[in-house]
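Q: Each step along the sequence shown adds one to the number in our numbering, with nothing skipped, and position 187 is 875. Even glycine gets a Cβ: it sits at the ideal position worked out from N, Cα and C. My questions all concern the structure below.
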Amino acid sequence: MATMSEASTALSAGRRGLGRDLAGLAVILVLAGIGYLLFPNNLALLTRITAIALLVLSLDLVTGYCGVATLGHAALFGSGAYAAGIAAVHFGITDPLLMLAAGILGGALAGLACGVVILRAHGLPQLVLSIALIHLFHEFANKASSWTGGSDGLAGISPDPLIGLFAFDLWGRTAYVFGVVLLAIVFVLLRLVVRSPFGMLCRGIREDPTRIRAMGASPTIALLKMYVISGAVAGVGGALNAVSTQVVGLDSLSFTLSAESLVMLVLGGTGSLFGALTGTIVFMFFEDLVLTANPFHWLTMVGALLIAVVLFAPKGLYGTVAEVLARRRGAGR
């Protein structure tokens, strides 16, 4: 009877997880459709939001699920962008899917390199190492101007039509649809990862690494694996940015982008893929809105929003709403 009860509980949890996966996928596709209808002349912004959402999702893997503090995650995003751009400009690899593969490889390798360094420390020293790494990546890209274009950026990226049929036009329709498809696929895959035994192990490391080590598992190896996965996801976002804008600049390796991605994650709620997406959408739309309305004082309004969220919704926008709904469901039983 106990075995049957456990099996029933596991099946029920699996169904709930599948339901949330499908609901999240549906929300992504619905919002993408609404965005396409409402902003047909500003698809470049929507594509940029999609690329940054992939960066924030990758950051959530190491910060939200693993508890690794980092302010240099743009190093993974920029590595993916430069890998895709260099493949196109210097090696003639202009097929978008092959450029995407180059971006994934570049991001994963950057994730491995950053993980090896950052995971040697804990807490505040991790932040210092991550800041040092993003500056090193930025300076390396600036100095290797024969490959990266230096401060002028890597231009001349001309991706072929997607699967030979859909050209990357001036309006950005193909790039936007390509980005939405990539985001949907990555979201589903990451939902499987975070619910897997490996994902549970990483959550356990975040809560009590000593106990995980006593159980015979290696926290460092598990976190390094997650860093590589995170780098691959960030590389997808970087490659998408390179394909859609057809130029890669040093801003893709900036400390500012790293800090903003962390702000977006905190804004939506850490430790939740839904929170990462929520924070990205809210922050980037709000930033674009206030920048258009008041280009001189827009940072003040963005700062006020962040202060309000931290004070009144410390678990982030999505995290706080989810907690309130969970309490109401519990009270209704």
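1. I need the straight-line Cα distance from C754 to H985, nearest angstrom please.
2. For V936, write down the residues that DSSP places opposite it in a beta bridge.
3. Within 10 Å of its beta-carbon, does D748 have 16 or more other beta-carbons around it, so buried, or fewer, so exposed?
4. Kindly list the residues whose CB is nearer than 8 Å to the CB of P813, restricted to its own chain and excluding five residues on each side of it in sequence; keep chain order.
5. Under the three-state reduction of DSSP, which class applies to F779: helix, strand or coil?
6. When DSSP labels each residue in this structure, what does F854 get in the three-state scheme?
7. Roughly how many whole angstroms lie between the Cα atoms of G860 and Y915?
8. Within a Cβ cutoff of 6 Å, which residues of the same chain sit near I900, ignoring the five residues on either side of it in sequence?
9. Between the segment 841-860 and the segment 772-781, do three or more beta carbon pairs fall short of 8 Å?
10. Note the first and the last residue of the continuous alpha helix (DSSP H) segment covering F727.
11. By the DSSP assignment, the alpha helix (DSSP H) with F962 in it spans what residues?
12. Determine the contact status of G791 and A927, defining contact as a CB-CB distance below 8 Å.
13. Leaving out five residues on either side along the sequence, give the residues of the same chain with a beta carbon under 8 Å from the beta carbon of N982.
14. For L734, count neighbouring Cβ atoms within 10 angstroms of its own Cβ and tell me buried if that reaches 16, exposed if not.
15. Would G1004 and G957 qualify as a contact pair, given that the criterion is a beta-carbon distance under 8 Å?
16. Per DSSP, what kind of secondary structure is S949 in: helix, strand or coil?
17. Give me the Cβ distance between L941 and A757, rounded to the nearest whole Å; I'm assuming they're in contact under 8 Å.
18. With DSSP as the reference, label G760 as helix, strand or coil.
19. CB-CB under 7 Å to A763, same chain, minus the five flanking residues each way: which ones, in chain order?
20. Beta-carbon separation of R883 and G712 under 8 Å?
21. Secondary structure at A1001, three-state DSSP: helix, strand or coil?
22. Tell me whether L710 sits in a helix, a strand or coil according to DSSP, three-state version.
23. Less than 7 Å separating the Cβ of Y1006 from some heavy atom of the ligand PLP?
24. Taking G752 as the reference, give the member of L911, Q934, D976 with the closest Cα.
25. What is the DSSP secondary structure of A809, counted as helix, strand or coil?
A: Once the coordinates are examined:
1. Translated into the one-based positions of the sequence shown, residue 754 becomes position 66. Translated into the one-based positions of the sequence shown, residue 985 becomes position 297. So the alpha carbons of these two residues sit roughly 36 Å apart.
2. Locating residue 936 in the sequence shown gives position 248, counting from the first residue. Beta-bridge pairing links V936 to L842.
3. Reading the sequence shown from its first residue, position 60 is the one you call residue 748. Result: buried.
4. Indexing the sequence shown from 1 puts residue 813 at position 125. So no residue of the chain qualifies.
5. For the purposes of this step, residue 779 is identified with residue 91 of the sequence shown, where counting begins at 1. Note: F779 maps to helix in three-state DSSP.
6. The count along the sequence shown starts at 1 and reaches residue 854 at position 166. In this structure, F854 counts as strand in the three-state DSSP scheme.
7. Here residue 860 refers to the residue found at position 172 of the sequence shown. Here residue 915 refers to the residue found at position 227 of the sequence shown. Going from the Cα of G860 to the Cα of Y915 covers about 31 Å.
8. For this step, residue 900 is matched to residue 212 along the sequence shown. G892, I893, P907, listed in sequence order.
9. yes
10. Residue 727 sits at position 39 when you count from the first residue of the sequence shown. No alpha helix (DSSP H) holds F727; DSSP gives it neither H nor E.
11. Counting from one through the sequence shown, the residue named residue 962 turns up at place 274. Run containing F962: 961-981, per the alpha helix (DSSP H) assignment.
12. Looking up residue 791 in the sequence shown gives position 103. Looking up residue 927 in the sequence shown gives position 239. Taking 8 Å as the Cβ cut-off, G791 and A927 qualify as a contacting pair.
13. Counting from 1 along the sequence shown, the entry for residue 982 is found at position 294. Closer than 8 Å at the Cβ level, and outside the excluded window around N982, lie M989.
14. Residue 734 sits at position 46 when you count from the first residue of the sequence shown. L734 comes out buried.
15. For the purposes of this step, residue 1004 is taken as residue 316 along the sequence shown, with counting starting at 1. For the purposes of this step, residue 957 is taken as residue 269 along the sequence shown, with counting starting at 1. Yes, these two residues count as a Cβ contact at 8 Å.
16. Here residue 949 corresponds to residue number 261 of the sequence shown, with the count starting at 1. DSSP places S949 in helix when its eight states are reduced to three.
17. Working through the sequence shown from its first residue, we reach residue 941 at position 253. Working through the sequence shown from its first residue, we reach residue 757 at position 69. Contact doesn't hold; Cβ gap of about 19 Å is too wide.
18. If you number the sequence shown from 1, residue 760 lands on position 72. It is coil, neither helix nor strand.
19. Taking the sequence shown and counting its residues from 1, the one referred to as residue 763 is at position 75. Once the five neighbours on either side are set aside, the close Cβ partners of A763 are A798, C802, L821, I822, F825, L941.
20. Translated into positions along the sequence shown, residue 883 becomes position 195. Translated into positions along the sequence shown, residue 712 becomes position 24. Note that the C-beta distance between R883 and G712 is not below 8 Å.
21. Counting from one through the sequence shown, the residue named residue 1001 turns up at place 313. Coil at A1001, not helix or strand.
22. Locating residue 710 in the sequence shown gives position 22, where the first residue counts as 1. Reduced to three states, the DSSP call for L710 is helix.
23. The ligand PLP is absent from the structure shown, which contains no ligands of any kind.
24. Here residue 752 is taken as the residue at index 64 of the sequence shown, counted from 1. Among L911, Q934, D976, the Cα nearest to that of G752 is on L911.
25. As a first step, residue 809 is located in the sequence shown; it is residue number 121 there, counting from the start. It is coil, neither helix nor strand.
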